[in-house]
Amino acid sequence: QVQLVESGGGVVQPARSLRLSCAASGFTFSSSGMHWVRQAPGKGLEWVAFISYDDSFKDYADSVKGRFTISRDSSTNTVYLQMNSLRAEDTGVYYCAKTKYSAAAIFDYWGQGTLVTVSS
Amino acid sequence: DIQMTQSPSSLSASVGDRVTITCRASQSISRFLNWYQQKPGKAPNLLIYAASTLQSGVPSRFSGSGSGTDFTLTISSLQPEDFATYYCQQSYRTPHTFGQGTKLEIK
Chain U
172 QVQLVESGGG VVQPARSLRL SCAASGFTFS SSGMHWVRQA PGKGLEWVAF
222 ISYDDSFKDY ADSVKGRFTI SRDSSTNTVY LQMNSLRAED TGVYYCAKTK
272 YSAAAIFDYW GQGTLVTVSS
Chain W
7 DIQMTQSPSS LSASVGDRVT ITCRASQSIS RFLNWYQQKP GKAPNLLIYA
57 ASTLQSGVPS RFSGSGSGTD FTLTISSLQP EDFATYYCQQ SYRTPHTFGQ
107 GTKLEIK
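Residue numbers (this note's numbering), protein chains in the order written: chain U, 172 to 291; chain W, 7 to 113.
(1) Taking Cβ positions only, does W:Gly105 come closer than 9 Å to chain U?
(2) Taking 6 Å as the limit between beta carbons, can you name the residues of its chain near W:Gln43, skipping five residues before and five after?
(3) Please name the residues in the stretch 87-99 of chain W whose beta-carbon is closer than 7 Å to at least one beta-carbon of chain U, in chain order.
(4) Going by DSSP in three states, U:Ser178 sits in which element: helix, strand or coil?
(5) Closer than 9 Å, CB to CB, is U:Glu217 near chain W or not?
(6) Return the bridge partner residues of W:Asp88 from the DSSP annotation.
(7) Please name the residue in W:Ala56, W:Thr59, W:Thr28 and W:Leu39 whose C-alpha comes closest to that of W:Gln96.
(8) Would you please verify whether the beta carbon of U:Val250 is less than 9 Å from any beta carbon of chain W?
(9) Taking only three categories from DSSP, how would you classify U:Ala211?
(10) Can you give the Cα-Cα distance for U:Tyr251 and W:Gly72, rounded to whole angstroms?
(11) Could you tell me the boundaries of the beta strand (DSSP E) in which U:Ile277 lies?
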């Protein structure tokens, strides 16, 4: 069965960095685009970033562009989110999600999420 | 960016009720509209994609309709496990925006 397991969250000071990981299994990782979606405490969902199945295309929300970098490693079936220059407003649960089709932004499986808290 | 607006923001209903949630896009998104259910402390779960296609494993009491700018999610007969927050999301154009959510509570 499809499994997505995020890790790497924690408490970090403003302006510092953090790298999230999402380990994927149970599907053909090399054929699936992957996304990161976040949720601030008590708030709604916000799409953060996308990486295509073949690593040829990446896209970001304006709120994280230039600070966050999405990447993938098909040898380990892992997708990453490198987060630099973190701000208080980046606090929340970060979910990785796979696309239902190779490029469509339809999130058919999600991980359990990892909590990032940006605070001094 | 395409703005997604859901109504109502919250809703109280009873087991067995028929419930409809509306989602409006700020511009036409054809049928690139998806619905998710989220329970407290859990990840969202895909219910409907492409406006009206039921995701595998989702009960048939859930249905979706609409195109262009106006969409609806209907639950034909509420079950206890359906009390949750529901989000619409457009997959027409990046950024892939979500509605603010509709919290469905037990009356």
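We treat Cβ as the ideally placed atom computed from N, Cα and C, and that holds for glycine.
The relevant details are as follows:
(1) Here residue 105 of chain W is taken as the residue at index 99 of the second sequence, counted from 1. At a cut-off of 9 Å, the C-beta of W:Gly105 has a neighbouring C-beta in chain U.
(2) Within the second sequence, numbered from 1, the residue matching residue 43 of chain W stands at position 37. Around W:Gln43: Asn51, Leu53, Ala90 and Tyr92.
(3) Listed by position along the chain: Tyr93 and Ser97.
(4) Stepping through the first sequence from its first residue, residue 178 of chain U is reached at position 7. Residue state, collapsed to three classes: strand.
(5) Taking the first residue of the first sequence as 1, we reach residue 217 of chain U at position 46. With 9 Å as the cut-off, U:Glu217 counts as an interface residue toward chain W.
(6) Indexing the second sequence from 1 puts residue 88 of chain W at position 82. DSSP, once it has assigned bridges, lists no residue as partnering W:Asp88.
(7) Taking the first residue of the second sequence as position 1, residue 96 of chain W is located at position 90. The option with the nearest alpha carbon to W:Gln96 is W:Leu39.
(8) Here residue 250 of chain U refers to the residue found at position 79 of the first sequence. U:Val250 does not count as touching chain W.
(9) Taking the first sequence and counting its residues from 1, the one referred to as residue 211 of chain U is at position 40. Residue state, collapsed to three classes: coil.
(10) Numbered from 1 along the first sequence, position 80 holds the residue referred to as residue 251 of chain U. Numbered from 1 along the second sequence, position 66 holds the residue referred to as residue 72 of chain W. Roughly 36 Å separates the two Cα atoms.
(11) Counting from one through the first sequence, the residue named residue 277 of chain U turns up at place 106. It is not in any beta strand (DSSP E) - U:Ile277 carries neither H nor E in the DSSP assignment.
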